[in-house]
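Quick note, this note's numbering runs 2 ahead of the 1-based positions in the sequence shown. For reference, the structure discussed in these notes is given below.
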Amino acid sequence: MRIELPVNAERFGSNLFYAVQKVFELDGGIDTDDAFSNPFHVVRKISAEELFAIERDMAVIIPIKDERLRLLEGVLCGIPHACFPIILSNSQREPIDRYRMEQAMVDNFCRFAKKKYAMFHQRSADLAEVFKKGGYHDLLGEDGLVRNGKAEGMIAAIVLARLLGKKYIGFIDADNFFPGSVLEYVRLFSAGFSQAKTEYSMVRVQWHSKPKIIDSELFFARLGRVTRITNQFVNQLLSLHTGFESDIILTGNAGEHAMSMDLALALDYSSGFSVETNHFVNMLEKFGGVLPTTHPEVMRNGVEVFQMQSRNPHFHEATKGDDHLKEMIEGSLSVLYHSPLCPETLKKEILHELKRHKIISASKKEPTNPRRYPSLSKMNFEKAAKVLDWEKHSNMPNV
Ligand code: GDP
Ligand code: CO
């Protein structure tokens, strides 16, 4: 792969946010021509071996809830062979057991592809047991099972990836229409990590475009509404603290993102669809140097965030409606609003924005504060590992 070097970066305490990087060639080739391979320092070539070395250590987490099976199959097909897929499903079990259908398809697919996988239902007793034994009760609801929600599924899968000894985790939604773009996202994750100088790194994908159909013509929109609003306010929070206006963040709510395991275990999480925006807010809070840190080792080493622009358009299931968009905007903005770092002026603007778009009612004093989950570093992974029956939830034997 050949990628542009980031033109600039913004520092906030120990966090280093790099500007969006563009891909020049998805396949960078093997260099044989010195005259062409040397002088272009603005573009970096990442060899296939480097990408492969990272992918071998990467779990790709696919959160899924009642998506079409064909879409999930396409997503599996786009994941590079070296990566380990973890499918975390919250699909319905009654009256039709969609989870069982997913399971049969995944198992069959991976048999043909000769590929290892792990798959869990978010509401299964086995998964809940991992968190009980590991002493992390925050994720469990009153019924003793892992709570509902996309973030909750993601957090559960991070723990599974940790138990598998993975160094990196990438998230890919199950509702993507194009296997080719899934492949590109994972390659972008690896390309991002290959540049990291610390163990605490994150890679976020910026979509080149999101096609829509307007008047029966394809229109390639640059930014979705949720993305535009989230980025604006994340940048404002950053700018108000540094004193310099910035628009460096273009991936505020990117669902397609990846983290090094070390960073994933240090962060706190928030519930539902606010989770991605909360990554930024939490990094600013924990490693920004303004508030006391719970992880001095991360502060010392520094955190790097890479933003990579994909070349494939992002085409996913888009029939989820306006309420879904509103829920996502409220989730994103509420984690900003409720952050101790959020100045009063920004709180006012956020409230105004939410009311203007009729996302919250005019009489509401503040947006609903999403549930929070403390960092997974307090979990006892040795104890959790003992109760896991891999044979039941993967195509691997227990070890
Ligand atoms: P959007 O693409 O950001 O609009 O959000 P989606 O509704 O497509 O959700 C992103 C991904 O999370 C999709 O693959 C969903 O199937 C999945 N998802 C949504 N809710 C849940 C949940 O409660 N649990 C799990 N495990 N996955 C979920
Ligand atoms: Co989607």
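Just so you know, even glycine gets a beta-carbon here, dropped at the ideal spot from N, CA and C.
* Using the beta-carbon of each residue, find all residues closer than 6 angstroms to any heavy atom of the ligand CO and list them in chain order. => D175, D177, H318 and E319
* **CA nearest to the CA of L343, picked from L242, S365 and Q23** => L242
* Does DSSP put Y339 in a helix, a strand or coil? -> Y339 falls in the helix class under three-state DSSP.
* Whose C-alpha, out of N110, I64, M121 and D33, is nearest the C-alpha of H395? -> M121
* **Beta-carbon gap between A193 and I48 smaller than 8 angstroms** => yes
* Simplified DSSP state of E319, which is helix, strand or coil -> coil
* Close Cβ partners of I216 (< 8 angstroms) along its chain, the five nearest in sequence each way excluded -> none
* Asked: Do you know offhand how far S203's Cα is from E306's?
  -> 5 angstroms
* Within the present structure, is the beta-carbon of E52 separated from the nearest heavy atom of the ligand GDP by less than 7 angstroms? -> Checking the 7 angstroms criterion, the Cβ of E52 is out of range of every heavy atom belonging to the ligand GDP.
* Kindly list the residues whose CB is nearer than 8 angstroms to the CB of A223, restricted to its own chain and excluding five residues on each side of it in sequence; keep chain order. => S211, K212, P213 and K214
* Assigned secondary structure, F246 (DSSP; H/G/I helix, E/B strand, else coil) -> coil
* Asked: What span of residues does the alpha helix (DSSP H) with E27 cover, start to end?
  -> Run containing E27: none in the alpha helix (DSSP H); it sits in the beta strand (DSSP E), V25 to E27.
* Would you please state the rounded distance, in angstroms, between the beta carbons of S341 and A268? I believe it to be under 8 angstroms. => Taking a contact as a CB-CB distance under 8 angstroms, the pair S341 and A268 does not count as one, their CB atoms being some 17 angstroms apart.
* To do: Output yes or no for whether 8 angstroms exceeds the beta carbon distance between M310 and Q208.
  => yes
* Please report how far the alpha carbon of P181 lies from the alpha carbon of R46, in whole angstroms. => Cα-Cα distance, rounded: 25 angstroms.
* To do: Work out the CA separation of V22 and A61 for me, nearest whole Å.
  => In this structure, the CA atom of A61 is about 24 angstroms from the CA atom of V22.
* Asked: Is the segment 358-371 close to the segment 113-127, with three or more CB pairs under 8 angstroms?
  -> no
* Asked: So what's Y202 in DSSP terms, helix, strand or just coil?
  -> DSSP places Y202 in strand when its eight states are reduced to three.
* Are there 16 or more other CB atoms within 10 angstroms of the CB of M156, so buried, or fewer, so exposed? -> buried
* Asked: From L286 to R100, what does the alpha carbon distance come to, in whole angstroms?
  -> 40 angstroms
* **Completely contained alpha helix (DSSP H) runs for the segment 114-149, where each covers 4 or more residues** => 127-135
* Would you say the beta carbon of G333 comes nearer than 7 angstroms to a heavy atom of the ligand GDP? -> No - the ligand GDP has no heavy atom lying nearer than 7 angstroms to the Cβ of G333.
* Asked: If you compare alpha carbons, which of L53, N303 and F308 is closest to F19?
  -> If we check each option's Cα against that of F19, F308 comes out closest.
* In whole angstroms, what is the alpha-carbon distance linking K173 and E144? -> Reading the sequence as shown, one finds Phe at residue 173 and not Lys. F173 and E144 have their C-alpha atoms roughly 27 angstroms apart.
* A256 in three-state terms, based on DSSP -> coil
* May I ask which residues mark the beginning and end of the alpha helix (DSSP H) holding S192? => Segment P181 to S196, the alpha helix (DSSP H) holding S192.
* Asked: Applying the criterion that 16 or more other CB atoms from any shown protein chain within 10 Å of the CB defines a buried residue, is D68 buried or exposed?
  -> D68 is exposed by the Cβ-count criterion.
* Does the ligand GDP have a heavy atom nearer than 7 angstroms to the CB of Q208? -> Not so, every heavy atom of the ligand GDP lies at least 7 angstroms from the Cβ.
* Within this structure, are the beta carbons of M3 and R189 separated by less than 8 angstroms? -> Result yes, Cβ atoms of M3 and R189 sit closer than 8 angstroms.
* When DSSP labels each residue in this structure, what does L432 get in the three-state scheme? -> Because the chain is modelled from 3 through 401, residue 432 falls outside the range shown and cannot be assessed.
* Rounded to a whole number of angstroms, what is the C-alpha to C-alpha distance between C79 and K350? -> 46 angstroms
* **For L338 and G291, the rounded distance between their alpha carbons** => 17 angstroms
* Can you tell me where the beta strand (DSSP E) with P87 in it begins and where it stops? -> F86 to S91
* S312 and V228 closer than 8 angstroms at C-beta -> no
* To do: Examine the ligand GDP and report whether any of its heavy atoms sits within less than 7 angstroms of the Cβ of S272.
  => no
* Asked: If we call anything under 8 angstroms between Cβ atoms a contact, is D325 one with D128?
  -> no
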